[in-house]
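A.B. asks: So that we are looking at the same thing, I have put the structure below in structure tokens.
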Amino acid sequence: MPLSRANSSSMHLPNSSNLSISAKSPQKSPCREEARRLGYYRNAVCGSQGGPLALPYRWQWRVERWKNSMRGFFGGEQQPRPKICPACGALVGISATRCHECGASMRFSIAAVSKGLSRILGDHDAPVTSALLIANFLMLGVSWLAYAAVGKGGGFTILWGLIGEPQYRLGASYGPPIFYANEWWRLVTAMFLHGGLIHIGFNMMSLMQLGPALEEVYGSARYLFIYVFTGAFGFLVSAFTGHFSVGASGALLGLVGAMLAITTKRGGAYMQDLRSRLISSVVILFVLGFSGLAIDNWAHGGGLAAGFVLGKLLADRQPMNSKERRTAYVLGWLAGLAIVASFAIMLVHYHDPTPFSQ
Numbered sequence: 017m018p019l020s021r022a023n024s025s026s027m028h029l030p031n032s033s034n035l036s037i038s039a040k041s042p043q044k045s046p047c048r049e050e051a052r053r054l055g056y057y058r059n060a061v062c063g064s065q066g067g068p069l070a071l072p073y074r075w076q077w078r079v080e081r082w083k084n085s086m087r088g089f090f091g092g093e094q095q096p097r098p099k100i101c102p103a104c105g106a107l108v109g110i111s112a113t114r115c116h117e118c119g120a121s122m123r124f125s126i127a128a129v130s131k132g133l134s135r136i137l138g139d140h141d142a143p144v145t146s147a148l149l150i151a152n153f154l155m156l157g158v159s160w161l162a163y164a165a166v167g168k169g170g171g172f173t174i175l176w177g178l179i180g181e182p183q184y185r186l187g188a189s190y191g192p193p194i195f196y197a198n199e200w201w202r203l204v205t206a207m208f209l210h211g212g213l214i215h216i217g218f219n220m221m222s223l224m225q226l227g228p229a230l231e232e233v234y235g236s237a238r239y240l241f242i243y244v245f246t247g248a249f250g251f252l253v254s255a256f257t258g259h260f261s262v263g264a265s266g267a268l269l270g271l272v273g274a275m276l277a278i279t280t281k282r283g284g285a286y287m288q289d290l291r292s293r294l295i296s297s298v299v300i301l302f303v304l305g306f307s308g309l310a311i312d313n314w315a316h317g318g319g320l321a322a323g324f325v326l327g328k329l330l331a332d333r334q335p336m337n338s339k340e341r342r343t344a345y346v347l348g349w350l351a352g353l354a355i356v357a358s359f360a361i362m363l364v365h366y367h368d369p370t371p372f373s374q
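Positions 17 to 374 (our numbering) are the ones given, in order, by the sequence shown.
This is the structure we're talking about:
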């Protein structure tokens, strides 16, 4: 219905004073006022239509983390962060000093240090195997420098000639000093020494084939214990025969023995085939040893037997509960400390008189 002139003249229009006030003081958004009143800006912004738009959770977390770090930087009290047990991965209370699941200490634990070392080594699948490879090649370089220092490192010595007094000083396995001078540390240091590039090449290829699989089965800690224990036991058997011996092959045969034990505990065609191939390789190796080559069958046999026994005793799987994890970490650290202590004692006795100098 069209408006009459009377109706149109009676319409109320805002005066100019109201218009000028509105231009100077625009009306504030209700969303922003409410957000400011409730402190809502920490996890929301206002859209173009005046409604709240929640920030993604990732950005909310980043904002809170940034605010917490700035609060600590300017001397304020930081919000405590939740803890994760380094041994079993369980969430632990902020003020807890021990894990309620496995009992591991939250201040210091072997598990935390072990995982830190694993991250430093880089290979998260087989960190111990990576460390053993590095250590063996490092000691090969040290051996060659020791021979070069006495004028014996030239020619083809680096290939297969690093046997003699320098290796003895670096900790080669030899019966008389082990039994008569109580130099038991030689049982450990000898497994990191090699007679040359050819020797270490064969051994490290075997380690790369066997190591990662067994480290995955047993876990890094128990795998290191198997390696060190079987290698030392192999050299102990060899020392009874008076052999002068170096090399990681005793420990490698220990890994073979552990793998043979696994094939006897697990059924299936694949395990039978693997067992047959392992036995064939061991037989060929012992035949080569009896053929007159410089192969220490005594160390190989001792390591193989020790590995088979350990493979039968240890569960062929990762630790499942807190007790098994603690036992595994203790075994791993015993092996690691044995390596460090043996090389430390070797350095102390490095300049002692040797049978070669008499």
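Beta carbons are placed, not taken as given, at the ideal position from N, Cα and C, and that holds for glycine.
Can you tell me the Cα-Cα spacing of PHE208 and ALA188, whole angstroms?
C.D. replies: Approximately 9 angstroms, taken between the alpha carbons.
A.B. asks: Please tell me whether, using a cut-off of 7 angstroms, the distance from the CB of ALA344 to the nearest non-hydrogen atom of the ligand MN is below it.
C.D. replies: Among the ligands in the structure shown, none appear at all, so the ligand MN cannot be discussed.
A.B. asks: Would DSSP call LEU149 helix, strand or coil?
C.D. replies: Reduced to three states, the DSSP call for LEU149 is helix.
A.B. asks: Once DSSP output is grouped into helix, strand and coil, what is the label at LEU178?
C.D. replies: The answer is coil: DSSP assigns LEU178 none of H, G, I, E or B.
A.B. asks: From VAL262, LEU363 and ALA151, pick the residue whose C-alpha is nearest to that of GLY352; which is it?
C.D. replies: That would be ALA151, whose Cα lies nearest to the Cα of GLY352.
A.B. asks: If I follow the unbroken alpha helix (DSSP H) through TYR286, where does it start and stop?
C.D. replies: Start and end: 285-306.
A.B. asks: Rounded to whole angstroms, what's the CA-CA distance from ARG53 to GLU80? Just pull it up for me.
C.D. replies: In this predicted model, ARG53 has a pLDDT of only 49, less than 50, meaning its place in the structure is not dependable; the value taken from the coordinates is given anyway. Approximately 19 angstroms, taken between the alpha carbons.
A.B. asks: Within the continuous alpha helix (DSSP H) that includes ASN13, where are the two ends?
C.D. replies: The shown model of the chain, from 17 to 374, leaves out residue 13, and the question about it has no answer.
A.B. asks: Who are the near neighbours of LYS281 in its chain, counting only those whose CB is closer than 7 angstroms to its CB and skipping five residues on each side?
C.D. replies: Cβ within range, chain order: ASP332.
A.B. asks: Measure the CB-CB distance between LEU226 and MET275 and report whether it falls below 8 angstroms.
C.D. replies: Contact flag set, yes.
A.B. asks: Can you check whether the CB of ALA248 is closer than 8 angstroms to the CB of ASN219?
C.D. replies: For ASN219 and ALA248, no; Cβs fall outside 8 angstroms.
A.B. asks: With burial defined as no fewer than 16 other Cβ atoms inside 10 Å of the residue's Cβ, what is the status of ARG341: buried or exposed?
C.D. replies: So ARG341 counts as buried.
A.B. asks: In three-state terms, what does DSSP make of LYS281?
C.D. replies: The answer is helix: DSSP assigns LYS281 an H, G or I state.
A.B. asks: Using only CA atoms, which one of HIS215, SER358 and LEU203 lies nearest to ALA310?
C.D. replies: Nearest of HIS215, SER358 and LEU203 to ALA310, Cα basis: HIS215.
A.B. asks: Going by C-alpha distance, which of GLY212, GLY211, TYR190 and LEU213 is nearest ARG202?
C.D. replies: It is TYR190 whose Cα lies nearest to the Cα of ARG202.
A.B. asks: What do you reckon, are the CB atoms on ALA344 and GLY273 nearer than 8 angstroms?
C.D. replies: No. Outside cutoff.
A.B. asks: Can you tell which of ARG185, TRP160 and ALA315 has its C-alpha closest to the C-alpha of ALA10?
C.D. replies: Within the shown structure, residues of the chain are numbered from 17 to 374, placing residue 10 beyond reach of any answer.
A.B. asks: In angstroms with no decimal places, state the Cα-to-Cα distance between ALA285 and ALA162.
C.D. replies: When rounded, the distance between both Cα atoms is 49 angstroms.
A.B. asks: Helix, strand or coil: which one does DSSP assign to ARG333?
C.D. replies: The answer is coil: DSSP assigns ARG333 none of H, G, I, E or B.
A.B. asks: In this structure, does DSSP put SER111 in helix, strand or coil?
C.D. replies: SER111: coil per DSSP, three-state reduction.
A.B. asks: Using alpha carbons as the reference points, say which of VAL364, ILE110, GLN76 and LEU347 lies closest to ILE242.
C.D. replies: Nearest of VAL364, ILE110, GLN76 and LEU347 to ILE242, Cα basis: LEU347.
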